[in-house]
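Numbering-wise, the sequence shown is residues -5 to 125 according to our numbering.
Contents: one structure, followed by commentary.
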Amino acid sequence: MNTQELLDIMQRHNIQGEADKEGDIHFTHEDISMTLLHDDDDPDYISLGAGFEDIDEELHDACYALAAAISQAYKVGKVIVFDDEEGFALRFSVEALVSPETFERDLPRYLDIVTEMIADFFDAASGEQED
-5 MNTQELLDIM QRHNIQGEAD KEGDIHFTHE DISMTLLHDD DDPDYISLGA GFEDIDEELH
55 DACYALAAAI SQAYKVGKVI VFDDEEGFAL RFSVEALVSP ETFERDLPRY LDIVTEMIAD
115 FFDAASGEQE D
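Next comes the structure, spelled out in structure tokens:
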């Protein structure tokens, strides 16, 4: 699928996205900034997710175990921890091979999975902070 096809499907789900020059689509869902990544060279692949950069430094060590637990629990969703010279960040995503029909059908589920993973992660992280 190309960027316009993805935007059209999203609009039918009342999601107003905006494509950048690379064709990635940025939008907000339930007050969370999200991005739909795709590549014209691999038109069936998508990665729908959200990133977070302002993670409390006290949680950095716990993030690895929490990311693994959340990724395992959600199976099709994953949490990636980025920890390098650019900083510490998390990305929550669902990655899938999709046709226009499956993307249209499953988009609400993908959004639910990502938002639930985020909520579960930060709920668990707040428990870690209280310890």
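Don't be surprised by glycine CBs; every beta carbon is placed ideally from N, CA and C.
Because the structure is a prediction, the values reported are computed rather than measured.
Assuming residue i and residue j form a contact by the criterion Cβ under 8 Å, report the distance between their Cβ atoms to the nearest whole angstrom.
i	j	result
residue 29	residue 19	7 Å
Residues bridged to residue i by DSSP?
i	result
residue 74	85
residue 26	23
residue 12	20
residue 126	In the structure displayed, the chain extends from -5 to 125; residue 126 sits before or after that span and is not available.
residue 32	40
residue 91	39
Grab me the residues of residue i's own chain with a C-beta within less than 6 Å of its C-beta, minus the 5 sequence neighbours each way, in chain order.
i	result
residue 3	97 and 98
residue 125	Residue placement at residue 125 cannot be trusted, given a pLDDT of 49 that sits under 50; what the coordinates show is reported in the next sentence. For residue 125, where only same-chain residues beyond five positions count, there are no Cβ hits under 6 Å.
residue 101	7
residue 71	88, 107 and 111
Between which residues of its own chain and residue i is the CB-CB distance below 7 Å, once the five residues before and five after are set aside?
i	result
residue 34	-4 and 17
residue 129	The first residue shown for the chain is -5 and the last is 125, placing residue 129 beyond what the model contains.
residue 13	-3, 1 and 19
Take residue i as the anchor and find which of the options has the nearest alpha-carbon.
i	options	result
residue 22	13, 57, 75 and 9	9
residue 32	54, 103, -2 and 76	-2
residue 73	101, 117 and 86	86
residue 121	103, 57 and 95	57
residue 103	43, 116, 11 and 52	43
residue 68	11, 1, 113 and 0	113
For residue i, which residues from the same chain have a beta carbon less than 8 Å from its beta carbon, with the 5 sequence-adjacent residues on both sides left out?
i	result
residue 38	-5, 91, 92 and 93
residue 54	77 and 82
residue 115	60, 61, 64, 73, 84 and 86
residue 15	none
residue 0	11, 19, 30, 32, 40 and 97
- Within the chosen definition, does the stretch 74 to 88 reach the stretch 35 to 54 through at least 3 CB pairs nearer than 8 Å? yes
- Query: Is the stretch 93 to 112 close to the stretch 49 to 63, with three or more CB pairs under 8 Å?
  - Reply: no
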